[in-house]
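Okay, so here's the structure we're looking at.
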């Protein structure tokens, strides 16, 4: 059966609302940068790619009318990173997930997510390169060493 | 192959919609941007009918 549909439906096929459009881009920016740390990028490289992408679209990510979006840095972004780092450690590095590493990953997600949200709330005044470097500086030592050397093959 | 093409097509569509939305944000308040505006900006020229069977 063929059925005519309004052109707007094409947008709804991909996104339920405007917030979803922004979240999709945020997820994409995380996936190409931070989530690749330990796989194809070092900490700084991965952070820099994601942060530079967010900075490029700062008019969306810093809009005061989208507080839920800036809050996503803290919640959604952090969860995304947690899962990716656990997978990178266990599958790509063949490292057993200890309680200490698990704690560090969770704490890092909270800290980086919080600072990224703060950065957005301050209209991203800190240049993206410097922001990536600052976020790199708070990575716990154990985690830093384990993931700073990229490993593209599954262990 | 077709699956790859299909995935790429949908990814391109999402990118196109985002680009349209992003360009609108610099012109008007977020709250006043409607789906119709985004469609208009994205110049989505697609078939009038889709197969829903």
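Chains as they are written, first to last, in my numbering: chain A, 33 to 187; chain B, 3 to 55. Using N, Cα and C, we set each Cβ at its ideal position, and we do this for glycine too.
Residue i burial status per 10 Å Cβ neighbour count (16 or more: buried)
i: residue 13(B); result: exposed
i: residue 217(A); result: The shown model of chain A, from 33 to 187, leaves out residue 217(A), and the question about it has no answer.
i: residue 25(B); result: exposed
i: residue 58(A); result: buried
i: residue 72(A); result: exposed
i: residue 9(B); result: exposed
i: residue 186(A); result: exposed
i: residue 29(B); result: exposed
i: residue 2(B); result: Residue 2(B) lies beyond the range of chain B shown here (3 to 55); nothing can be said about it.
i: residue 38(B); result: exposed
Candidates the options, of which the one nearest residue i by Cα
i: residue 136(A); options: 56(A), 105(A), 152(A) and 173(A); result: 173(A)
i: residue 166(A); options: 153(A), 147(A) and 178(A); result: 147(A)
i: residue 119(A); options: 50(A), 184(A) and 42(A); result: 184(A)
i: residue 17(B); options: 60(A), 51(A) and 186(A); result: 60(A)
i: residue 49(A); options: 44(B), 45(B) and 40(B); result: 40(B)
i: residue 34(B); options: 186(A), 98(A) and 175(A); result: 98(A)
i: residue 182(A); options: 76(A), 110(A) and 131(A); result: 76(A)
i: residue 62(A); options: 110(A), 150(A) and 123(A); result: 110(A)
Cut-off 6 Å between Cβ atoms - residues of its own chain near residue i, not counting five sequence neighbours on either side
i: residue 74(A); result: 180
i: residue 87(A); result: 156 and 160
i: residue 47(A); result: 53
Nonlocal neighbours in the same chain, by C-beta distance under 7 Å from residue i, ignoring five residues either side
i: residue 54(B); result: Its pLDDT being 44, under 50, residue 54(B) is placed unreliably in this model, and the value from its coordinates should be taken loosely. Cβ within range, chain order: n/a, list empty.
i: residue 19(B); result: 40 and 44
i: residue 21(B); result: none
Close Cβ partners of residue i (< 8 Å) along its chain, the five nearest in sequence each way excluded
i: residue 170(A); result: 140, 143, 144 and 147
i: residue 90(A); result: 152, 155 and 156
For residue j and residue i, believed in contact at Cβ under 8 Å, the rounded distance
i: residue 116(A); j: residue 67(A); result: 4 Å
i: residue 95(A); j: residue 27(B); result: 7 Å
i: residue 64(A); j: residue 92(A); result: The pair is not a contact, with the Cβ atoms about 17 Å apart (cut-off 8 Å).
i: residue 121(A); j: residue 112(A); result: Between residue 112(A) and residue 121(A) the Cβ distance is about 15 Å, and since that is not below 8 Å, they are no contact.
i: residue 133(A); j: residue 79(A); result: The Cβ separation is near 19 Å, so there is no contact.
i: residue 23(B); j: residue 83(A); result: Incorrect: roughly 21 Å between the Cβ atoms, too far for contact.
i: residue 124(A); j: residue 85(A); result: Actually they do not touch by this definition, with Cβ atoms about 23 Å apart.
Range covered by the alpha helix (DSSP H) that runs through residue i
i: residue 164(A); result: 160-169
i: residue 4(B); result: 4-27
i: residue 176(A); result: 173-179
i: residue 55(A); result: 50-64
i: residue 152(A); result: 131-153
i: residue 39(B); result: 37-44
i: residue 84(A); result: 75-88
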